[in-house]
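**Q** Chains as they are written, first to last, in the working numbering: chain C, 3 to 470; chain D, 751 to 860.
1) What are the partner residues of residue 136 (chain C), as DSSP defines its beta bridges?
2) Roughly how many angstroms lie between the CA atoms of residue 268 (chain C) and residue 174 (chain C), to the nearest whole one?
3) For the stretch 118-134 of chain C, list every residue whose C-beta sits within 8 Å of some C-beta in chain D, in sequence order.
4) Using a beta-carbon distance below 7 Å, is residue 787 (chain D) in contact with chain C?
5) Let me know the beta strand (DSSP E) ranges lying completely inside the stretch 67-127 of chain C, each 3 residues or longer, listed in chain order.
6) Out of curiosity, what's the CA-to-CA distance linking residue 798 (chain D) and residue 781 (chain D)?
7) Are there 16 or more other CB atoms within 10 angstroms of the CB of residue 121 (chain C), so buried, or fewer, so exposed?
8) Name the two residues that bound the continuous beta strand (DSSP E) containing residue 62 (chain C).
9) Which same chain residues end up closer than 7 Å to residue 126 (chain C) when comparing Cβ atoms and leaving out the 5 residues on each side of it in sequence?
10) For residue 751 (chain D), which residues from the same chain have a beta carbon less than 7 Å from its beta carbon, with the 5 sequence-adjacent residues on both sides left out?
11) Taking Cβ positions, are residue 56 (chain C) and residue 79 (chain C) nearer each other than 7 Å?
12) Check whether the Cβ atoms of residue 857 (chain D) and residue 306 (chain C) sit closer than 7 Å, and answer yes or no.
13) Assign residue 367 (chain C) to one of three DSSP states: helix, strand, or coil.
14) How would you list, in chain order, the residues of chain D whose beta-carbon sits under 8 Å from the beta-carbon of residue 142 (chain C)?
15) For residue 204 (chain C), which option in C:330, C:275, C:72 and C:379 has the closest C-alpha, if you only look at C-alpha atoms?
16) For residue 83 (chain C) and residue 52 (chain C), I'd like the C-alpha separation in whole angstroms.
17) Find the residues of chain D that neighbour residue 179 (chain C), judging by a C-beta separation of less than 7 Å, and give them in chain order.
18) One question on the structure: do residue 236 (chain C) and residue 288 (chain C) come within less than 7 Å of each other, judged by their Cβ atoms?
19) Around the Cβ of residue 210 (chain C), are there at least 16 other Cβ atoms within 10 angstroms (buried) or fewer (exposed)?
20) Are the stretch 400-418 of chain C and the stretch 322-336 of chain C touching by the rule of at least three beta carbon pairs closer than 8 Å?
21) Residue 342 (chain C) and residue 383 (chain C): beta carbons closer than 7 Å?
22) Report the rounded CA-to-CA distance for residue 411 (chain C) versus residue 292 (chain C), giving the unit in angstroms.
23) Please state whether DSSP places residue 17 (chain C) in a helix, a strand or coil.
24) When DSSP labels each residue in this structure, what does residue 850 (chain D) get in the three-state scheme?
25) Would you mind telling me which residues of chain C sit closer than 7 Å to residue 856 (chain D), beta carbon to beta carbon, in chain order?
26) At a Cβ cut of 9 Å, what residues of the stretch 327-346 of chain C count as close to chain D, listed as they run along the chain?
27) Kindly list, in the order they appear in chain C, the residues whose Cβ is closer than 8 Å to that of residue 800 (chain D).
28) Answer with buried or exposed for residue 398 (chain C), where buried requires no fewer than 16 other C-beta atoms within 10 angstroms of its C-beta.
29) Taking the beta carbon of residue 837 (chain D) as the centre, do at least 16 other beta carbons fall within 10 Å, making it buried, or is it exposed?
30) Throw me the rounded Cβ distance for the residue 454 (chain C) and residue 348 (chain C) pair, which I believe falls under 8 Å.
31) Using alpha carbons as the reference points, say which of C:447, C:389 and C:103 lies closest to residue 376 (chain C).
32) Who are residue 444 (chain C)'s beta bridge partners in DSSP?
33) Taking the straight line between their C-alpha atoms, what separation do you get for residue 25 (chain C) and residue 105 (chain C)?
34) Report yes or no: is there a C-beta of chain D within less than 7 Å of the C-beta of residue 378 (chain C)?
35) Taking Cβ positions only, does residue 779 (chain D) come closer than 7 Å to chain C?
36) Looking at residue 364 (chain C): is its Cβ nearer than 7 Å to the Cβ of residue 296 (chain C)?
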C-alpha cells in the first residue's frame with residue numbers, strides 16, 4: 003500500500019520532470035518525442051494500477067506526511083483514475099502517431115522544440131486538477147494547464163490563431179479569477195483549503211448560507227466559461243477554428259474532461275448539485291445550446307466547424323447527464339466524448355493535410371476502404387447510432403429525463419439526436435458515397451491516422467462493457 | 751466603525767469593476783492585459799483583507815517557547831496563497847505580452 007500511495011504523486015511528478023528535462027535537452031525532436039512517450043506511458047501505467055487499487059476505497063496521499071490541516075493532500079478514486087487513464091491514453095496515441103508528423107513544421111521555428119515541454123506541462127496540469135484534494139493547489143494546476151493551452155492554441159497556420167489565443171487568455175484568466183474568488187469565500191467561511199474538510203463543514207449546515215450562495219455564483223460563472231457552455235464559448239469557437247488541427251487532437255478531449263471535472267469536483271465534493279442547478283438557468287442554457295449548435299453543425303459547410311459545433315452539443319449533453327443521471331454515467335460520457343473528439347479531429351487532420359477544408363472538396367478525392375471504414379465507425383459513434391457507446395449514454399439520459407418528467411428537455415434531446423444523425427450522415431455521404439467514382443483522385447490515408455482511429459474505435463467499443 | 755471595516759471590501763470591488771471596465775471598453779490588447787492585472791490585484795486585496803484579525807499582529811512568532819502567550823496573529827495563509835497568485839498573474843501577463851509581440855510582428859498591430 004505504501005508503494006501504491008506514492009504512485010498518486012508520482013503520476014504527476016514524472017511528466018513534470020520530463021517537461022523540465024525537455025527544455026534542457028534542446029532541439030532534438032526525436033529524443034524529446036521518446037521522452038514524452040515514456041513519461042505518458044509511465045503515467046498511464048500508474049493510472050491503471052491506481053484504478054485497480056482504488057476500486058473499493060479512495061487512496062489518499064499527504065505530501066511530506068503533513069496532516070490535512072496544514073498540508074496538501076492528493077486523493078484518487080476509481081472514477082478519477084478512469085479519467086486520468088483516458089487522458090494518458092489520448093496523449094500517448096497523439097505522441098506516438100501524430101506528433102512525429104509535426105516535426106517538420108516545428109523545425110521551422112527557433113523555439114519549436116519547446117512544444118513538447120508545453121504538452122507535458124499541459125498534461126501535468128490536467129493530472130493535478132483531477133488528483134489534488136487541496137483547493138488552492140487545484141487553482142495552481144488549473145492555471146498551469148490554462149497558460150500552456152494559450153500558447154499551444156496560438157500555434158497555427160492562420161494569423162488569427164494569435165488573436166484568438168490572446169482573447170482566450172483574457173477570458174480564461176477572468177474565469178480563473180472567479181474561481182479564485184470562490185476559493186476566497188470558502189477560505190473565509192471555513193478557514194481550510196482541504197476539500198474534504200470544506201465538504202464536511204458545508205454539509206454540517208453551520209456556515210453562512212448567503213456567503214455560500216455568493217461563492218456558488220462566482221464558481222458557476224468561472225466554471226461555465228472554462229467548460230464552454232453557451233454563451234460563454236465564443237473563445238472556443240475562434241481559437242479552435244484558427245489553431246493547427248493537430249493540437250486539437252489531444253487538447254480538445256483533455257480540456258473537455260478536465261474542465262468538466264472542475265464542475266464535478268467542486269459540486270460533488272463541496273457544494274450541493276441542487277444548489278448549483280437550483281435556478282434552472284444552467285439547464286436552460288444547456289438545452290438551448292443542444293438545439294442551437296445541432297442546427298449550426300447541420301448548416302456548417304466547413305468540416306472543422308461541423309466537429310467544433312458537435313463538441314458544443316456534447317458539452318450540453320454532459321450538463322444534462324450530470325444533473326439528471328447517476329454519477330457513473332457522466333464519467334462514461336466524458337470518456338466516450340473525449341475518445342470521439344480525438345478520432346474526429348484526427349479525421350479532420352487527415353482531410354486538411356490533403357487540402358480538403360469544405361464538404362464540396364471531398365468530391366475531388368477517393369480514400370482507401372480502410373480509412374473510410376474507420377472514419378465511418380467514428381461518425382456512427384458521434385451520431386449516436388445503435389450499438390455505440392454514445393447511443394447507450396443517450397438512452398440512459400432519456401430514461402432519466404422521463405423518470406424526472408423533463409418532457410421539454412426530452413423533446414430537445416430527440417431533436418438534437420436527429421440533427422446529429424443528419425450532420426454526421428452529411429460527412430459520411432461525402433466520404434463514402436460521393437467518392438465512389440472513377441473521376442476522383444485515389445489517396446492513401448496517413449498510417450499514423452489510421453492506427454489512431456483503429457485504437458480509438460477499439461477503446462470506444464470496449465467502453466460499452468464498462469459497468470455503470 | 752462597521753462601515754470603515756467594510757471600506758476595504760468596497761474598494762476592492764471598485765478596483766475589480768475598474769479592471770473589468772478597462773477590459774470591456776478598451777480595443778487595445780495591451781490595455782486589456784493591464785485591466786486583467788488590475789482585476790487580479792483586487793482579488794489579492796480581498797484575500798489580505800479577509801485574513802486580518804482585529805488586533806492581530808504580523809505573523810512572526812513573538813512567543814517562542816512561552817506556552818501561555820496571549821498574542822493574536824493575522825492569518826499568514828492568505829499572504830502565502832497570494833504570493834503564489836502574484837506569480838501566476840505575472841506569468842499570465844508575460845504570456846500575454848509574448849502573444850501581443852507576436853501579433854505585432856505578424857499583423858503590425860496591437
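Every residue, glycine too, gets a C-beta built ideally from N, C-alpha and C.
Bear in mind the structure is a predicted one, so any value in this text is a computation, not a measurement.
**A** In short, the structure shows the following:
1) C:196
2) 18 Å
3) Those residues of the stretch 118-134 of chain C that come within reach of chain D (Cβ to Cβ, closer than 8 Å) do not exist; the list is empty.
4) no
5) Every unbroken stretch of the beta strand (DSSP E) spanning 3 or more residues and falling wholly within the stretch 67-127 of chain C is given here in chain order: 75-78.
6) The C-alpha of residue 798 (chain D) lies about 26 Å from the C-alpha of residue 781 (chain D).
7) buried
8) 61-64
9) Around residue 126 (chain C): 14, 17, 18, 21 and 146.
10) Low per-residue confidence applies at residue 751 (chain D): pLDDT is 46, beneath 50, and the placement is therefore not dependable, though the value from the model is reported in the following sentence. There are no such residues.
11) Yes, they are a contact pair.
12) no
13) strand
14) 834 and 838
15) Ranked by Cα distance from residue 204 (chain C), the options C:330, C:275, C:72 and C:379 are led by C:275.
16) C-alpha separation (whole angstroms): 7 Å.
17) 789, 790 and 793
18) no
19) exposed
20) yes
21) yes
22) 10 Å
23) helix
24) helix
25) Ordered by position in chain C, the residues that pass the 7 Å Cβ test against residue 856 (chain D) are 161 and 164.
26) none
27) 186, 189 and 190
28) Counting Cβ neighbours within 10 Å, residue 398 (chain C) comes out buried, since at least 16 surround it.
29) Answer is exposed; the Cβ neighbour count stays below 16.
30) 5 Å
31) C:447
32) Beta-bridge partners assigned by DSSP to residue 444 (chain C): C:368.
33) 16 Å
34) no
35) yes
36) no
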